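According to our numbering, the sequence shown is numbered sequentially starting from 4.
The block underneath contains the structure these notes are about, expressed in structure tokens.
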Amino acid sequence: MSDRAVGYSNVDTRALRAILTEVLVNAIRFTPAGGEVVVSTDVLDGRGPIVEIRDTGVGMTETERRRAFERFYRSDYARDNAIPGAGVGLSIAKKLADQAGIGIELLPSVGGGTLARLVLPRAAPDIVAVVASEPG
């Protein structure tokens with residue numbers, strides 16, 4: 004597959020894949036054994052395709068969600084529990100998202116955990132097809 008989805012807006016599929024990887028790594032890293040990480044897609048009227056990554060992990064405070072995209076930011080939980088990482092993954096994801104015209108936000112998840120939402124430009128391709136078409 005090319006770097007851009009042919010026939011659609013200029014969504015950089017490598018950037019999209021990198022964004023999804025960073026968000027998924029964080030969801031998995033902060034979800035204890037027995038928890039769940041669920042990826043879903045939908046289309047919001049008037050906004051475009053969305054991808055949601057919902058976890059049942061430790062969750063984030065409002066301050067942590069607001070600061071999560073800052074370079075080198077690590078939550079107290081991450082430091083206290085020696086969760087691996089340098090605090091750059093989500094800042095990279097945010098920078099790539101901004102460059103690609105993809106909205107990215109972190110929200111509290113109903114029932115605990117965190118919900119990461121990516122809003123793609125309206126003309127973006129079906130996200131499932133883009134991600135699924137890439138080999139391992």
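Glycine included, C-beta positions come from ideal geometry on N, C-alpha and C.
Just so you know, these numbers come straight off a predicted model, no measurement behind them.
The alpha-carbon separation between Phe33 and Asp58 amounts to approximately 8 Å. For Glu55, no alpha helix (DSSP H) run applies; the uninterrupted beta strand (DSSP E) run containing it begins and ends at 51-58, by DSSP. In the DSSP annotation of this structure, Arg120 is not part of any alpha helix (DSSP H); the continuous beta strand (DSSP E) holding it starts and ends at 117-122. Judged by DSSP in its simplified three-state form, Val61 adopts coil rather than helix or strand. Looking only at Leu99, Val61, Ile105, the smallest Cα-Cα distance to Gly37 is reached by Val61.
For Ile31, the uninterrupted alpha helix (DSSP H) run begins and ends at 16-32, by DSSP. The Cβ atoms of Ile56 and Val42 sit closer than 7 Å to each other. Rounded to whole angstroms, the separation of the alpha carbons of Leu99 and Val122 is 13 Å.
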